[in-house]
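So the sequences go chain by chain: X and B. Numbered as in the numbering used here, the first sequence ends at 1388 without a single skipped number. Numbered as in the numbering used here, the second sequence ends at 1388 without a single skipped number. Backbone N, C-alpha and C fix where the C-beta goes; we use that ideal spot for every residue, glycine too. The next block holds one structure in the form of structure tokens; read it before the comments.
Protein chains: 2
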Amino acid sequence: MRYLSQIFQPVLTIPKDAIIKNTEITCKSQKLLLECGLVRPTGSGLFTILPLARRVLNKLEALVIRCIEEAGAQRMSLPSLTAARLWEKTGRLQDVGAELMKVEDRHGKKYILSPTHEEAVADLLADVGPLSYKQLPLLLYQISNKYRDEPRPKHGLLRSREFSMLDAYGAHASPECAKETYERVTNAYRKLFQTLELPIYRVAAPSGAMGGSLSHEWQLLADAGEDTLQLCPECKSAMRSEQDSSRQCVRCASEMQLVNSIEVGHTFVLGARYSEPLRAHYAAVDAASTPLHMSCYGIGITRLLAASVEALANDKALRWPEAIAPYRVLIIGPKEGSKEWAVHGWEEVQGLGEELENEAGLYSDVVLDDRHTHTIGRRMKAADRMGYPIIVVCGRSTTEQPPRYELYRSKRVGYSAPVLLTRAELLATLATEANVTKVEVNPKEICAAESS
Amino acid sequence: MRYLSQIFQPVLTIPKDAIIKNTEITCKSQKLLLECGLVRPTGSGLFTILPLARRVLNKLEALVIRCIEEAGAQRMSLPSLTAARLWEKTGRLQDVGAELMKVEDRHGKKYILSPTHEEAVADLLADVGPLSYKQLPLLLYQISNKYRDEPRPKHGLLRSREFSMLDAYGAHASPECAKETYERVTNAYRKLFQTLELPIYRVAAPSGAMGGSLSHEWQLLADAGEDTLQLCPECKSAMRSEQDSSRQCVRCASEMQLVNSIEVGHTFVLGARYSEPLRAHYAAVDAASTPLHMSCYGIGITRLLAASVEALANDKALRWPEAIAPYRVLIIGPKEGSKEWAVHGWEEVQGLGEELENEAGLYSDVVLDDRHTHTIGRRMKAADRMGYPIIVVCGRSTTEQPPRYELYRSKRVGYSAPVLLTRAELLATLATEANVTKVEVNPKEICAAESS
Chain X
937 MRYLSQIFQP
947 VLTIPKDAII
957 KNTEITCKSQ
967 KLLLECGLVR
977 PTGSGLFTIL
987 PLARRVLNKL
997 EALVIRCIEE
1007 AGAQRMSLPS
1017 LTAARLWEKT
1027 GRLQDVGAEL
1037 MKVEDRHGKK
1047 YILSPTHEEA
1057 VADLLADVGP
1067 LSYKQLPLLL
1077 YQISNKYRDE
1087 PRPKHGLLRS
1097 REFSMLDAYG
1107 AHASPECAKE
1117 TYERVTNAYR
1127 KLFQTLELPI
1137 YRVAAPSGAM
1147 GGSLSHEWQL
1157 LADAGEDTLQ
1167 LCPECKSAMR
1177 SEQDSSRQCV
1187 RCASEMQLVN
1197 SIEVGHTFVL
1207 GARYSEPLRA
1217 HYAAVDAAST
1227 PLHMSCYGIG
1237 ITRLLAASVE
1247 ALANDKALRW
1257 PEAIAPYRVL
1267 IIGPKEGSKE
1277 WAVHGWEEVQ
1287 GLGEELENEA
1297 GLYSDVVLDD
1307 RHTHTIGRRM
1317 KAADRMGYPI
1327 IVVCGRSTTE
1337 QPPRYELYRS
1347 KRVGYSAPVL
1357 LTRAELLATL
1367 ATEANVTKVE
1377 VNPKEICAAE
1387 SS
Chain B
937 MRYLSQIFQP
947 VLTIPKDAII
957 KNTEITCKSQ
967 KLLLECGLVR
977 PTGSGLFTIL
987 PLARRVLNKL
997 EALVIRCIEE
1007 AGAQRMSLPS
1017 LTAARLWEKT
1027 GRLQDVGAEL
1037 MKVEDRHGKK
1047 YILSPTHEEA
1057 VADLLADVGP
1067 LSYKQLPLLL
1077 YQISNKYRDE
1087 PRPKHGLLRS
1097 REFSMLDAYG
1107 AHASPECAKE
1117 TYERVTNAYR
1127 KLFQTLELPI
1137 YRVAAPSGAM
1147 GGSLSHEWQL
1157 LADAGEDTLQ
1167 LCPECKSAMR
1177 SEQDSSRQCV
1187 RCASEMQLVN
1197 SIEVGHTFVL
1207 GARYSEPLRA
1217 HYAAVDAAST
1227 PLHMSCYGIG
1237 ITRLLAASVE
1247 ALANDKALRW
1257 PEAIAPYRVL
1267 IIGPKEGSKE
1277 WAVHGWEEVQ
1287 GLGEELENEA
1297 GLYSDVVLDD
1307 RHTHTIGRRM
1317 KAADRMGYPI
1327 IVVCGRSTTE
1337 QPPRYELYRS
1347 KRVGYSAPVL
1357 LTRAELLATL
1367 ATEANVTKVE
1377 VNPKEICAAE
1387 SS
């Protein structure tokens, strides 16, 4: 169990219109994550992830891994340094050169700090190939830091220069097989985003710098977003909007709404765009050497953290999807020296924390506010700002027989009215919630209506 | 459960004296990891970690995290890109400049790809500071890729240019407090290395380029090691050896032996070496602003993987510490069409795998050799090369009533003679082993005798 006073969380008060280390504060997530001590900029577009935000990333990564492995993906790790010559072969060194961070080693050999790894994966498949058609389909993924030399990094973690990303790569013997993997990964994305309970829509997208034949963006609705969607308020159809005026929904003829959104994921069928120039071939049934049909998939992990804050937080306080909150439960004990403290003091509060962790199954997800020289009210106010999904207060009713606890749940603004529960009821309630395996919901329930 | 045929494991036959992508094969781990399809070089000193090796790293990371968090450390993430000006301030840009990978962004600002983060952490603590003495001690860690522009990368993962490392940093109000954290982390290292069952010795070391007052190296005995230790065969005292002749043990007067070793970890008390130039101060009891006393700790994660292969493998086959083997158990079923296959066919083999995973608690740690057109002998030979700690063969005795299974355990060379067990006995045996929480052994049992 963790004690609040021991967590490294350097809070900060940011004056209005402040500029922090050459970075203007331009959005809610940037301001709140900095003020609440979750993130710290180290320079333009570069951030230290502090322990509370690191816990969010741990949970996000675990969910992403579970979903993508259920889709059959195998984890690997590619070096961040990719030989520049590979990007020359595909033409991307010229096309996106200005956005690449470049490194030259002591012998003058040129590398890039990869923003994505299509070239590296195609080169790997060429190196170990030709694979037999029997070894296909193959789906490989990694989670690693990616780099982009943004001309003007802004919005904090939403557009940084070093960021954590899931990237997955499919290799196939036919376009049909590539499409099947694409559908499988699409379902994995849906499960993930449903678990996160975030308003994320899949929209058809042009393939752009990646090349290929089929592509979707996964867009989270949020005011701070730099993208715009047309969203049907009736049937929830969504599409990218390149224009400023709204249109009529092609499905239900309702007037569509223009909404801002943040791209948190992308999926592509790539065809032979990379396998051909890099000679990543497979041996077909007739033994003919043929370029692999590739697909690729990305989810911005650090961006998703910030985007979820944009979507859920209010102007003054963080809010989290329950599955990735830094801690799910905060316990606030009585103020030292109070009447309640005499009956239900520090030992009882600790005992409650241990029971929640070990008996209710909230292992390592409970934090105790041990600043018990402060009033309960003052600690509640600070807790509101952090947005713990559940707060348990040991207040006046802990002096009753049997003692009862106040259970609060986070709302968009503030917390629900408290529910008074005995210790047994509290444990049973939270145990039930801890045991709900949220990933295993029906993926068809989310994004049911969307543009293909 | 995983099927062997679905694992991406591009095996390779390396001719003697081969040069792979400009890299000479110079040691056992490099050769075996490449031949067995666990690792693939992408260039000089750069490697793709393939799925089986990635599983080893996942397990290693989980063990490292458990041990360092038990010592009170909190996880964070620093950017790999560190502003070069911080390294200028401490003088290290000049001192170790040639080994640094350098990056210049589109605005001409200079960064390094960090090999270690003392400067970045001191800058962070200065930025959020001055911390109050009440917030100390503080112990922060990360696991991330580090970079070193080696003049001649060699020995595969033992000396690569991009590698995964745990690095932890302590901040303290006094040298005594720094020493206490140092002891706590030392115990965490001991627990970790005991869990891995590797012959690792702690030896006093000069502080070198890091500065500071106290330092130890953690050295694993292995022929391929570039370091040399004096090791007492009697009392197991160990010390660094800068000379070629062996000495007398200062403890028990035995003749010490010269042995090769690989540095897998390092621990330092740094004092104010970084906090002073970077102004990382704390507010003491009398409110005086004072440079923090720092300490730092490193474990090479990818290096430890390769080093454990150097220590345990034989010339032709991998061997693993049980805690980090890619899979703990391989199941080999009968050959298709055999008499055994008729009685104990594919469904029974799968059922056994599922019972081992779900009932014996070996969840996701069992792999099935589904190449059942091959003989059992041929599959045993391939399995020997991979070094699974346990192999279960469904052979002739599965036709008995009740059916019995052959349990083999890996030895340094080959496997133990089989033990014949009924299904219930097999499940009970492996369940007991799966439940042993190896991390919670007495740390004093390891490295009992060592230099200071």
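Quiz item: So does the segment 1160-1176 of chain B actually touch the segment 1109-1126 of chain B, counting three or more Cβ pairs closer than 8 Å?
Solution: no
Practice problem: Report the neighbours of Arg976 (chain B) on chain X: residues whose CB is nearer than 8 Å to its CB, in chain order. | Solution: Leu1060, Asp1063 and Val1064
Exercise. Examine chain B for any beta-carbon lying closer than 8 Å to the beta-carbon of Leu1074 (chain X), and answer yes or no.
Key: yes
Quiz item: Using a C-beta cutoff of 8 Å, does Arg1321 (chain B) count as contacting chain X?
Solution: no
Quiz prompt | Separation of Glu1035 (chain B) from Ile1048 (chain X), as counted between CA atoms | solution = 18 Å
Quiz item: What are the partner residues of Ser941 (chain B), as DSSP defines its beta bridges?
Solution: Ser941 (chain B) is not bridged to any residue.
Quiz item: Any Cβ of chain B within less than 8 Å of the Cβ of Leu1394 (chain X)?
Solution: Only positions 937 to 1388 of chain X appear in this structure, which leaves residue 1394 (chain X) out of reach.
Quiz item: So who's on the other strand from Ile1260 (chain B), going by DSSP bridges?
Solution: Ile1260 (chain B) pairs with nothing; no bridge assigned.
Quiz item: Who are the Cβ neighbours of Ser1151 (chain B) in its own chain at under 6 Å, not counting the five residues just before and after it?
Solution: Ala1141, Ser1143 and Phe1204
Self-check item: DSSP state of Ile950 (chain B) mapped onto helix, strand, coil
Solution: coil
Quiz prompt | Sub-8 Å separation of Gly1289 (chain X) and Met937 (chain X) beta-carbons | solution = yes
Quiz item: Can you name the residues of chain B whose CB is closer than 9 Å to the CB of Gly1286 (chain X)?
Solution: Per the sequence shown, residue 1286 (chain X) should be read as Gln rather than Gly. Going along chain B, no residue has its Cβ under 9 Å from Gln1286 (chain X), so there is no contact; the nearest lies around 17 Å.
Self-check item: Of the residues X:Glu1342, X:Ser1231 and X:Gln1030, the one placed nearest Leu1072 (chain X), counting alpha carbons only
Solution: X:Ser1231
Quiz prompt | Check whether Ser1225 (chain X) and Ala1219 (chain X) have beta carbons under 8 Å apart | solution = yes
Self-check item: Alpha-carbon to alpha-carbon, Leu1241 (chain X) and Gln1130 (chain X)
Solution: 15 Å
Practice problem: Could you check if Ile955 (chain X) is buried or exposed, using at least 16 other CB atoms within 10 Å of its CB as the buried criterion? | Solution: exposed
Practice problem: With 8 Å as the threshold, decide whether the Cβ of Ile955 (chain X) is near any Cβ in chain B. | Solution: no
Quiz item: What residues from the segment 1001-1030 of chain X come within 7 Å of chain B, judged by C-beta to C-beta, listed N to C?
Solution: Gln1010, Arg1011, Met1012, Ser1013, Leu1014, Pro1015, Ser1016, Leu1017 and Ala1019
Exercise. Please decide whether Asp1103 (chain B) counts as near chain X, where near means a Cβ-Cβ distance under 8 Å.
Key: no
Quiz item: Are any of the Cβ atoms in chain B nearer than 8 Å to that of Ala1034 (chain X)?
Solution: yes
Practice problem: Give the residues of chain X in contact with Val1221 (chain B), contact being defined as C-beta atoms less than 7 Å apart. | Solution: None at all; the shortest Cβ gap to chain X is about 17 Å.
Quiz item: Beta-carbon separation of Ala1007 (chain X) and Tyr1069 (chain X) under 8 Å?
Solution: no
Quiz item: Do you know how far the Cα of Leu1356 (chain X) is from the Cα of Arg1332 (chain X)?
Solution: 11 Å
Quiz item: How is the beta strand (DSSP E) around Asn1081 (chain B) delimited, first residue to last?
Solution: Leu1074 to Tyr1083
Self-check item: Amino acids of chain X, ordered along the chain, whose beta-carbon sits closer than 8 Å to that of Thr984 (chain B)
Solution: Met1012, Ser1013, Leu1014, Pro1015, Ala1056 and Leu1060
Quiz item: Can you list, in chain order, the residues of its chain whose CB lies under 7 Å from that of Lys1082 (chain B), leaving out five sequence neighbours each side?
Solution: Ser1050, Pro1051, Thr1052, Phe1099 and Met1101
Quiz item: Under 8 Å between C-beta atoms, does Gly979 (chain X) make it to chain B?
Solution: yes
Quiz item: Given 8 Å as the limit, is there contact between the segment 1320-1337 of chain X and the segment 1254-1267 of chain X, that is, 3 or more CB pairs closer than that?
Solution: yes
Exercise. Whole angstroms is fine: what's the gap from Leu1366 (chain B)'s alpha carbon to Ile1268 (chain X)'s?
Key: 43 Å
Practice problem: Identify, in the order they occur along the chain, each residue of the same chain with its Cβ nearer than 6 Å to the Cβ of Arg1187 (chain B), setting aside the five sequence neighbours on each side. | Solution: Cys1171 and Ser1173
Quiz item: Within 8 Å (strictly less), CB to CB, does Ile943 (chain B) reach chain X?
Solution: yes
Quiz item: Quick one, are the C-beta atoms of Arg1095 (chain B) and Pro1089 (chain B) less than 8 Å apart?
Solution: yes
Quiz item: Could you give the residue range of the alpha helix (DSSP H) that holds Thr1335 (chain X)?
Solution: From DSSP, Thr1335 (chain X) is part of no alpha helix (DSSP H); its letter is neither H nor E.
Self-check item: Residue ranges of each beta strand (DSSP E) within the segment 1238-1318 of chain B, 3 or longer
Solution: 1265-1268 and 1302-1305
Exercise. For Glu1376 (chain X), count neighbouring C-beta atoms within 10 Å of its own C-beta (all shown protein chains included) and say buried if the count is 16 or more, exposed if not.
Key: Confidence is the limiting factor: at Glu1376 (chain X) the pLDDT is only 37, short of 50, which leaves the residue's position unreliable and the question unanswerable from this model.
Practice problem: Figure out for me which residue from X:Leu1362, X:Gln1179, X:Arg1002 and X:Leu974 has the closest Cα to the Cα of Gly1297 (chain X). | Solution: X:Leu1362
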